[in-house]
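Q:
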Amino acid sequence: MADSDIRPYGRLDPGRLAMLETGLGRTLPPVYRAWLGATNGAYIVGEHGIPGCPFVLFEERPLFGVHQHFRPFDLFAADALYRRPWLSTDHLVFAAPSGGLLVVRVSPPAADAIFFLPEDAMTGQPGAAADAVRERHLVPLADDINDFGHQLRTLVTA
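Here this note's numbering is used: the first residue of the sequence shown is 302, the next is one more, and so on.
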């Protein structure tokens, strides 16, 4: 990931990836699945973002992986806590930076695409109709997780 200090947690073997997909009830898109297998998410050192986008990733707001013993960084926990109230199963929340949610689309069309759901769009009751309204507020960021990583930059704070 360009111009940044992003540290992968490690690897996930194919068996653990399959268990994740079973637990989530959906298949991960190919590029994200390969990235997750190679990294198991990533720890963020310092503040990172994409210039012009209103979110910040930092130590307490990493890229989620499979960390069943530490729920704040776990994809299963994120699915229940962040995705279910706000988005359909077409998406997977892979980070909860300040300012909103980062999601990967898991269903066609645009499977593997990365989006940002601004915090101010996270309103209303759970349910399919409200999910569809919220999903109209998704901001496209990247074609896939690798492209997203190339866009991340260390943010300079004053």
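All C-beta atoms, glycine included, are put in the ideal place defined by N, C-alpha and C. In this text the structure is predicted, and so the values were computed from the model without any measurement.
Which of helix, strand or coil does DSSP assign to L329?
A: Residue 329 sits at position 28 when you count from the first residue of the sequence shown. In this structure, L329 counts as coil in the three-state DSSP scheme.
Q: For my contact list, L358 and I345 are in at a C-beta cut-off of 8 Å; report their separation, rounded to the angstrom.
A: One-based indexing of the sequence shown puts residue 358 at position 57. One-based indexing of the sequence shown puts residue 345 at position 44. Indeed they touch by this definition, with Cβ atoms about 5 Å apart.
Q: Taking the straight line between their C-alpha atoms, what separation do you get for P441 and V457?
A: As a first step, residue 441 must be located in the sequence shown, where it is residue number 140. As a first step, residue 457 must be located in the sequence shown, where it is residue number 156. Going from the Cα of P441 to the Cα of V457 covers about 24 Å.
Q: With 16 as the cutoff for other CB atoms within 10 Å, does F374 come out buried or exposed?
A: Position 73 of the sequence shown, counted from the start, is the residue given in the question as residue 374. Per the 10 Å Cβ criterion, buried.
Q: Determine the extent of the beta strand (DSSP E) in which H392 is found, giving its start and end residues.
A: By one-based count along the sequence shown, residue 392 stands at place 91. H392 to A396 is the span of the beta strand (DSSP E), which, as asked, contains H392.
Q: Just to confirm, is the Cβ distance from V405 to F395 under 7 Å?
A: The residue given as residue 405 occupies position 104 in the sequence shown. The residue given as residue 395 occupies position 94 in the sequence shown. A contact, by the Cβ cut-off of 7 Å.
Q: Check for me: the beta strand (DSSP E) holding F377 runs from which residue to which?
A: For this step, residue 377 is matched to residue 76 along the sequence shown. Taken as a continuous stretch (DSSP letters only), F377 belongs to no beta strand (DSSP E), being part of the alpha helix (DSSP H) at L376 to A379.
Q: Distance, Cα to Cα, S305 vs L453?
A: As a first step, residue 305 is located in the sequence shown; it is residue number 4 there, counting from the start. As a first step, residue 453 is located in the sequence shown; it is residue number 152 there, counting from the start. Whole-angstrom Cα-Cα distance: 7 Å.
Q: Would you check if the distance between the CB atom of T340 and the CB atom of P309 is smaller than 7 Å?
A: By 1-based counting over the sequence shown, the position of residue 340 is 39. By 1-based counting over the sequence shown, the position of residue 309 is 8. Yes, the pair counts as a contact, with Cβ atoms nearer than the cut-off.
Q: What did DSSP end up calling F267 once you bin it into helix, strand or coil?
A: Any answer about residue 267 is impossible in this case: the structure gives the chain only from 302 up to 459.
Q: Does the distance from the CB of G401 to the CB of P419 come in under 7 Å?
A: Counted from its first residue, the sequence shown places residue 401 at position 100. Counted from its first residue, the sequence shown places residue 419 at position 118. It is a contact, given that the beta carbons lie within the stated cut-off.
Q: What are the boundary residues of the alpha helix (DSSP H) that includes I446?
A: Reading the sequence shown from its first residue, position 145 is the one you call residue 446. Start and end: I446 to Q452.
Q: Below 8 Å on the Cβ atoms is my contact criterion, and I expect R435 with S399 to pass it. Report the Cβ-Cβ distance as a whole number of Å.
A: As a working note, residue 435 is residue 134 in the sequence shown. As a working note, residue 399 is residue 98 in the sequence shown. About 19 Å separates the two Cβ atoms, so there is no contact after all.
Q: Do you know whose CA, among F356, A379, S408 and R327, lies nearest G342's CA?
A: Counting from one through the sequence shown, the residue named residue 342 turns up at place 41. Ranking the options by Cα distance to G342, first place goes to A379.
Q: In terms of residues, what are the limits of the beta strand (DSSP E) holding V434?
A: On the sequence shown, residue 434 is found 133 positions in, with the first residue counted as 1. That residue, V434, is in no beta strand (DSSP E); its alpha helix (DSSP H) goes A429 to E436.
Q: Could you check if P330 is buried or exposed, using at least 16 other CB atoms within 10 Å of its CB as the buried criterion?
A: What you label residue 330 is simply residue 29 of the sequence shown in a count that begins at 1. So P330 counts as buried.
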